[in-house]
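There are 2 protein chains.
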Amino acid sequence: MEKHLLLKELQSRHEFPEEEFPRLLELFEVRSIQKNEIIFHTGDIVKYCYFILKGCMQQYYISPEGIEKIIYFAQEGTWTGEMDSMINETPSIVSTQAVEDSEVLIMNKANWENAIRNIPDFALYQIKKRGHTIARMKQQLAQTTTTTPDQKYRQLLNETPDLLQRLPLYKIASYIGVTPETLSRIRKRNTRL
Amino acid sequence: MEKHLLLKELQSRHEFPEEEFPRLLELFEVRSIQKNEIIFHTGDIVKYCYFILKGCMQQYYISPEGIEKIIYFAQEGTWTGEMDSMINETPSIVSTQAVEDSEVLIMNKANWENAIRNIPDFALYQIKKRGHTIARMKQQLAQTTTTTPDQKYRQLLNETPDLLQRLPLYKIASYIGVTPETLSRIRKRNTRL
DNA sequence: ATCATTTCTTGATTTGAATCAAGGTTTTCG
DNA sequence: CGAAAACCTTGATTCAAATCAAGAAATGAT
Chain A
2 MEKHLLLKEL QSRHEFPEEE FPRLLELFEV RSIQKNEIIF HTGDIVKYCY FILKGCMQQY
62 YISPEGIEKI IYFAQEGTWT GEMDSMINET PSIVSTQAVE DSEVLIMNKA NWENAIRNIP
122 DFALYQIKKR GHTIARMKQQ LAQTTTTTPD QKYRQLLNET PDLLQRLPLY KIASYIGVTP
182 ETLSRIRKRN TRL
Chain B
2 MEKHLLLKEL QSRHEFPEEE FPRLLELFEV RSIQKNEIIF HTGDIVKYCY FILKGCMQQY
62 YISPEGIEKI IYFAQEGTWT GEMDSMINET PSIVSTQAVE DSEVLIMNKA NWENAIRNIP
122 DFALYQIKKR GHTIARMKQQ LAQTTTTTPD QKYRQLLNET PDLLQRLPLY KIASYIGVTP
182 ETLSRIRKRN TRL
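Protein chains in written order, with this note's numbering: chain A, 2 to 194; chain B, 2 to 194.
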């Protein structure tokens, strides 16, 4: 039998004991999400955290001037949501939207608190996971100014070629931080080589 | 008696019980750091986490091409370090350097694990704190492309005017993501108004 | 299959910031 | 105090990406 995607993720960052897993899984519900559905908006107090079983989500921000910037894409086997908003009941600064028909596990605040309190290994997993997320975001931030759009595109091509296949290029452009026209030209230059 | 800076920070994000504090504090050592001292480099496995009692640190990244990007500044009453590196014993992607003579509390990995295991409120504090850090970094990432250097400068001026006073402008420029020349021109434009 | 919508490409032009270069300030330190 | 170093400003030029504009290609819906 195939190991559950969530258990795999929990064990990828921490020695999460398999026998605790059913107790944890009970605290989730399954939900289907249609392509383009926005699961929460900027300003909302986020009610759930989301673990993606199938599909893909984007998290993005829209500036007062109406400029949209995609901050990251979450694929199956990863989390999305805004924990700070859920836990402290503060407005989320980002929105999250399905870019494909998706299936997710959702857990509400009460169940999350329950899990953190009663399943110490879940708390440890969360601490480690977040540490790793922060490190990755530092790198992402560092690269905004130290690498060229060309380099960012090639990096995506190497590290997450799957993303390039499942997403329209204008979303990739927003993520990289250029206009679709510029990304188109980058691609032209790069394929000629 | 003045409340300890660290206790203040712990209680700012979580109801940390004061009576647990002495037990936690025991796990730290005090260390003085000279201006310009680099407490860890990119590639190091970071040995401690740092809570700043006095002074200011910068965390930065240097690209293969030698371009330096400051990711954030940490002032007294805040943490710095690279938890992912310390906990998982992986190379840090950033370096951290004192920009003033500073005084810090340091805690090593063993003591950190001890604290997480034995002081549940410290674990909870960490989870919440990290959630908040991630939210802030999302915002910072979002703003890299959605706001102009002008706006970023004015935002600093509003939100952390103290930073502008204690740091040289070329560091602010690196943080904002422009050259010192450009920042100089931005400032000229803005003071004339 | 066909039409409509969405997405992508290409070209011409503009623009904001980088770069290059040099002089002026301020701070540091012997 | 005075010299050296560090930091900041200003100007001229270059350059990469944004913008503007239009058309091509792909996708989806009926």
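Ideal placement from N, C-alpha and C gives every residue a C-beta, glycine not left out.
{"Query": "Contacts that B:Glu-3 makes with chain A (C-beta to C-beta distance below 8 Å)", "Result": "What B:Glu-3 touches in chain A: nothing, since even the nearest Cβ is about 27 Å away."}
{"Query": "Runs of beta strand (DSSP E) wholly within the region 98 to 150 of chain A (minimum 3 residues, chain order)", "Result": "103 to 109"}
{"Query": "Nearest residue (CA-CA) to B:Gln-98, options B:Phe-41, B:Met-138, B:Gln-152", "Result": "B:Phe-41"}
{"Query": "Minimum C-alpha distance to A:Glu-101 - residue among A:Val-95, A:Gln-35, A:Gln-152", "Result": "A:Gln-35"}
{"Query": "Member of B:Gln-12, B:Glu-27, B:Phe-74 whose CA lies at the smallest distance from the CA of B:Ala-116", "Result": "B:Glu-27"}
{"Query": "Continuous alpha helix (DSSP H) stretch holding B:Phe-22: start and end", "Result": "22 to 26"}
{"Query": "Candidates A:Tyr-154, A:Asp-122, A:Tyr-176, A:Leu-25, of which the one nearest A:Arg-186 by Cα", "Result": "A:Tyr-154"}
{"Query": "Residue nearest to A:Met-108 in terms of C-alpha spacing, selected from A:Cys-50, A:Glu-77, A:Ile-173, A:Lys-55", "Result": "A:Cys-50"}
{"Query": "Environment of B:Arg-14 [buried if 16+ CB atoms lie within 10 Å]", "Result": "buried"}
{"Query": "Coil, strand or helix - A:Gln-35 by DSSP", "Result": "coil"}
{"Query": "Those residues which DSSP pairs with B:Gln-60 across a bridge", "Result": "B:Tyr-73, B:Thr-97"}
{"Query": "Host beta strand (DSSP E) of A:Lys-55 (start-end)", "Result": "49 to 55"}
{"Query": "Residues of the region 133 to 158 of chain A whose Cβ lies closer than 7 Å to any Cβ of chain B, in chain order", "Result": "His-133, Thr-134, Ile-135, Ala-136, Met-138, Lys-139, Gln-140, Gln-141, Leu-142, Ala-143, Thr-145, Thr-146, Thr-147, Thr-148"}
{"Query": "Bridge partners - A:Glu-66, DSSP secondary structure assignment", "Result": "In the DSSP output, where bridge partners are listed per residue, A:Glu-66 has none listed."}
{"Query": "Alpha-carbon spacing of A:Glu-30 relative to B:Ile-63, whole angstroms", "Result": "44 Å"}
{"Query": "Nearest candidate by alpha-carbon position, reference B:Ile-68, set B:Thr-180, B:Lys-189, B:Asn-191, B:Glu-83", "Result": "B:Thr-180"}
{"Query": "Backbone CA spacing between A:Gln-152 and A:Met-58 [nearest angstrom]", "Result": "24 Å"}
{"Query": "C-beta neighbour in chain A for B:Met-84, strict 8 Å", "Result": "yes"}
{"Query": "Residue-chain proximity (A:Lys-110, chain B), Cβ-Cβ < 8 Å", "Result": "no"}
{"Query": "Exposure label - B:Gln-127; buried when at least 16 CB within 10 Å", "Result": "buried"}
{"Query": "Nearest to A:Phe-74 (by Cα), restricted to the options A:Glu-182, A:Thr-192, A:Ser-175, A:Thr-183", "Result": "A:Ser-175"}
{"Query": "Contact under 8 Å by Cβ, B:Ile-46 with B:Tyr-61", "Result": "no"}
{"Query": "Buried versus exposed, by CB contacts within 10 Å (16 or more), A:Ser-93", "Result": "buried"}
{"Query": "Short CB-CB distance (under 8 Å) between B:Gln-59 and chain A", "Result": "no"}
{"Query": "Chain A contact residues for B:Val-95, given Cβ-Cβ distances below 9 Å", "Result": "Ala-136, Lys-139, Gln-140, Ala-143"}
{"Query": "Selection from B:Arg-190, B:Asn-119, B:Gln-141 that minimises the alpha carbon distance to B:Glu-21", "Result": "B:Asn-119"}
{"Query": "Proximity to A:Ile-88 [Cα-Cα], best of B:Met-84, B:Asn-37, B:Lys-129", "Result": "B:Lys-129"}
{"Query": "Beta-carbon proximity of B:Ser-103 to B:Gly-178, cut-off 8 Å", "Result": "no"}
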